[in-house]
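Peer 1: Take this structure, written in C-alpha cells, and hold onto it; I'll ask about it next.
Chains as they are written, first to last, in UniProt numbering: chain A, 1 to 329; chain B, 1 to 329.
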C-alpha cells in the first residue's frame, strides 16, 4: 500500500500506560460504529485483564497455545469454541442478554454444540429416538403466545442423546440422524411425540476444554435434558431445553444451563393420557406448556434492558439496529 | 464420575446478574491461587465485555467462527494467535509488564511470529543474509550491563527479512535458514556481523487477522527493523528490535512495536570503520549499544510496578513466584 495513504494518527513509544488508547485509536478508522464500539470494549477488557493479572509472557504463551488447540480440534461435528464459551458461562450470558423473556414466557438456555441441520420432519405421535435401550417417553406439549393464544405452524427442532448419553453425531458409524426431529405445532398449538427419557452425560472432554475442566477440578457432566428450538416469523427465536428434576448434576451443570422454570418431573401417563395417546397407564410422560414471545416484544425488552444496564454503568448510548453504540451527540 | 463427589456449590437459575459470580465460584476448586486469580479476572472481563456491548448471539457466533479460523490456519511456521495478539496491542503490553526496563537499559519489543530455533551459530564478521538483492550492511554492536561493564558470552539471536520483505520460512522452496543467525559477544561485549539493510514488509495478511485489519481499514505493514534476542544466565531475557528512522510506517506499525530508543539511523562506515572492518567508506553502517538488565533487578522492578499498579486499582495482593494473587489474610 502507498504509505502516503496511511491515515492512522501517528504513534510510537507505546507503554503499559498508553498502549490501550493507541490500539483503540488504531481501530477507529472503521466506518461501522457498532464494530468500533465492540472493538473498543474488547481491547479495553483484554488489556485490563493483562494489567490486573500482570500477565507473564509464559502465561500469555500458554493461553495462545490453548486457543490454538481449541481451534485445531474443531470439525464439522465438533465446535470446541462453543464448548469453551459454554463452560466459561459466556453462552448462557449472551442468550440472556439477546433473548430476554418477559415473565410468564418460556426461558431460553444454551444451544450446546450438538444441534444439526439434518433432522427429519416428523408427524404428531411419531417416534424420534430408535434406541431400544432407552426408557420410552411420551411427550405432550402446548405452544402459546403471551396472550394465551395457541400458535400454529411453529417449526420445532427437538434433539436428545441416546440412552448411553451420546448424540447421533458422536457415533462414528452412525447410519443417519436419530434422537432428533423437526415437528410443527397444530392449530391448537399442540405437538406430541415419542422419545426416550433423557440421561445425564458428559460434554466432550477429551480435548483442550476437558483438560481445562480437569485442571479446575470441575466435572464435565450435564444433567439429563431434552433440547427444543422454536422458529416462526414474528416470534423471537427460542432456544431452550427441559431438565429433569433431582438429576445428580442439577445444581452443578458444566455449562450453567439449568433454570427452575425449565425443570420438570417425569410422570406416569395415567388413565386419561393412556387412552388418548395409546400407551399403558404407567408409561413415562413429560408435559410442558411453552410460551413464545413476539419479535416486537423481545426487541422492546432487549432495548429497555440495555438502556438500564448501560445507564447503571454511566455509558451514554443510542440504539442502532437494536444494539447500543456510544451516543456522541 | 460419582455425583456424590461433586463439591461444586449448588447453583441454577443463572441470569445476567448472577452468572459471573457463579462461574467464578465454579472455578474456585482449583488449588493453585494464581490460576484461580487469572481465571477470576478472565471470566469477569469476558462477561463485562458481553454485558457492556449487550453482545448479540450473531456477534457471539461471528467471534467464535473467527477464533476457529485463527486456530485452523496455525501451523509449524505460522502462529496466527500471536499475530492476533500483536495487532490488538496485547503482545507489546505483556512484554512491557513482564520485562520492565530501568532507565538507561535497552527496551524490549514484540517477538513476532518469525523467530525459529534453526539458526546457525556464526563468528564475528560473518555474513548472515545471502540475499544478493539486499543492500549490504555492516552491523557493529556492544553489550553492557547497567553498570557499564561489557558482558561476554551472551547468546544473541538475530533475524531479518530478505530484500523482498519475507523471512526464510515464508519461502516454500527454501533450502535452509537464511537471514538469521546466533552469535556470542566477545570479552569486550562486542559482536559484529554483515547483513542487509532491513525493509518494511506486511505481516501475513491472507488469513483471518488480515481480514480483520482490512475491515478496520488498517494496513498490515511493519517499518523496517532487525530482530535481536539476548540470553545469558543471570540476565533478563531481552527480546527487542532496531527500527529505521523515517520509515514510512514508523508511526503506524501494525503491531505497535516501535520505540524511540530503538530507532536508529543507517550511516556510512567512514574511514575508521572502513579500515577496521574491511569495507568501503560508503558502506552502510548500523551501530548500537545494548544494555542488559540482571534477573534480580528485573524481578524487583516487576514486583514494584505490580504493587503500584494494583494499589492504584484498589486490589490487595501478595506476590507468589513473582506474580500477584489476592491477599486474603
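Glycine included, every Cβ here is placed at the ideal spot set by N, Cα and C.
Between A:117, A:317, A:127, which has its C-alpha nearest residue 169 of chain A's C-alpha?
Peer 2: A:117
Peer 1: Which residues of chain B have a Cβ atom closer than 9 Å to the Cβ of residue 43 of chain A, listed in chain order?
Peer 2: Among the residues of chain B, those whose CB is under 9 Å from the CB of residue 43 of chain A are 88, 89, 90, following chain order.
Peer 1: Rounded to whole angstroms, what is the Cα-Cα separation between residue 243 of chain A and residue 15 of chain B?
Peer 2: Taking the straight line joining both Cα atoms gives about 17 Å.
Peer 1: Can you have a look at residue 240 of chain B and say buried or exposed, based on whether 16 or more other CB atoms are within 10 angstroms of its CB?
Peer 2: buried
Peer 1: Am I right that residue 284 of chain B and residue 197 of chain B are in contact with their C-beta atoms under 8 Å? What's the rounded C-beta distance?
Peer 2: 6 Å
Peer 1: Whole alpha helix (DSSP H) runs in the segment 86-165 of chain B with 4 or more residues, listed along the chain?
Peer 2: 90-98
Peer 1: Using a Cβ-Cβ cutoff of less than 8 Å, which residues in the same chain neighbour residue 81 of chain A once the five nearest sequence positions on both sides are dropped?
Peer 2: 70, 71, 74
Peer 1: From the DSSP secondary-structure annotation, give me the bridge partner or partners of residue 337 of chain A.
Peer 2: The requested residue 337 of chain A is not part of the displayed model; chain A covers only 1 to 329.
Peer 1: From residue 171 of chain A to residue 165 of chain A, what does the alpha carbon distance come to, in whole angstroms?
Peer 2: 11 Å
Peer 1: Measure from the C-beta of residue 72 of chain B to each C-beta in chain A and report whether the shortest distance is under 9 Å.
Peer 2: Cβ-Cβ to chain A under 9 Å: yes for residue 72 of chain B.
Peer 1: For residue 12 of chain A, which three-state DSSP category applies?
Peer 2: Looking at residue 12 of chain A - three-state DSSP - the assignment turns out to be coil, as it is neither helix nor strand.
Peer 1: Pull up the distance between the alpha-carbon of residue 150 of chain B and that of residue 182 of chain B, whole angstroms please.
Peer 2: 19 Å
Peer 1: For the alpha helix (DSSP H) containing residue 47 of chain B, name the first residue and the last one.
Peer 2: 33-53
Peer 1: Taking the straight line between their C-alpha atoms, what separation do you get for residue 232 of chain B and residue 94 of chain B?
Peer 2: 21 Å
Peer 1: State the start and end residues of the unbroken beta strand (DSSP E) segment that holds residue 333 of chain B.
Peer 2: There is no way to answer for residue 333 of chain B, as the model of chain B reaches only from 1 to 329.
Peer 1: Can you name the start and end residues of the beta strand (DSSP E) that residue 208 of chain A belongs to?
Peer 2: Residue 208 of chain A -> not in any beta strand (DSSP E); alpha helix (DSSP H) instead, spanning 208-215.
Peer 1: Say whether the segment 41-50 of chain B touches the segment 34-53 of chain A, bearing in mind that this needs 3 or more beta-carbon pairs closer than 8 Å, one atom from each stretch.
Peer 2: yes
Peer 1: Which whole-angstrom value is the C-beta distance of residue 29 of chain B and residue 218 of chain A, which I expect to be below 8 Å?
Peer 2: 7 Å
Peer 1: Decide yes or no for the touch test of the segment 269-289 of chain B against the segment 298-310 of chain B: beta carbon pairs closer than 8 Å, at least 3 of them.
Peer 2: no
Peer 1: Considering only residues of the segment 203-282 of chain B, which uninterrupted beta strand (DSSP E) runs meet the minimum length of 3 residues and lie entirely inside it, listed in chain order?
Peer 2: 225-231, 238-244
Peer 1: My output table needs one value for residue 70 of chain B: the three-state DSSP class, helix, strand or coil.
Peer 2: helix
Peer 1: Between the C-alpha atoms of residue 9 of chain A and residue 77 of chain B, what's the straight-line distance to the nearest angstrom?
Peer 2: 32 Å
Peer 1: Does the CB of residue 316 of chain A have a neighbour CB from chain B at under 9 Å?
Peer 2: Not one chain B Cβ lies under 9 Å of residue 316 of chain A.
Peer 1: As a quick exercise: from A:104, A:298, A:258, pick the residue whose alpha carbon is nearest that of residue 290 of chain A.
Peer 2: A:104
Peer 1: Going by DSSP, what residue range makes up the alpha helix (DSSP H) through residue 310 of chain A?
Peer 2: That run of the alpha helix (DSSP H) goes 295-312.
Peer 1: The segment 250-262 of chain B: which residues have C-beta closer than 9 Å to a C-beta of chain A, in chain order?
Peer 2: 250, 251, 252, 253, 254, 256, 257, 258, 259, 260, 261
Peer 1: So, is the C-beta of residue 217 of chain A closer than 9 Å to a C-beta in chain B?
Peer 2: yes
Peer 1: Which residues bound the beta strand (DSSP E) around residue 194 of chain A?
Peer 2: Run containing residue 194 of chain A: 190-196, per the beta strand (DSSP E) assignment.
Peer 1: For chain A, check one thing: does any of its Cβ atoms lie closer than 9 Å to the Cβ of residue 302 of chain B?
Peer 2: yes
Peer 1: Report back the beta-carbon spacing between residue 249 of chain A and residue 200 of chain A to the nearest angstrom; my notes put them in contact at under 8 Å.
Peer 2: 5 Å
Peer 1: Quick check on DSSP: helix, strand or coil for residue 57 of chain B?
Peer 2: helix
Peer 1: Determine, for residue 229 of chain B, whether the minimum Cβ-Cβ distance to residues of chain A falls below 9 Å.
Peer 2: no
Peer 1: Going along the chain, which residues of its own chain have a beta-carbon closer than 8 Å to the beta-carbon of residue 24 of chain B, five neighbours each way excluded?
Peer 2: Listed in chain order, the non-local C-beta contacts of residue 24 of chain B below 8 Å within the same chain comprise 39, 40, 43, 44, local neighbours out to five positions each way being set aside.
Peer 1: Taking its Cβ as the centre, do 16 or more other Cβ atoms sit within 10 Å of residue 101 of chain A, making it buried, or is it exposed?
Peer 2: buried
Peer 1: Measuring straight from C-alpha to C-alpha, what distance separates residue 67 of chain B and residue 206 of chain B?
Peer 2: 15 Å
Peer 1: Would you mind sorting residue 267 of chain A into buried or exposed? The rule is 16 or more other CB atoms within 10 Å of its CB.
Peer 2: exposed
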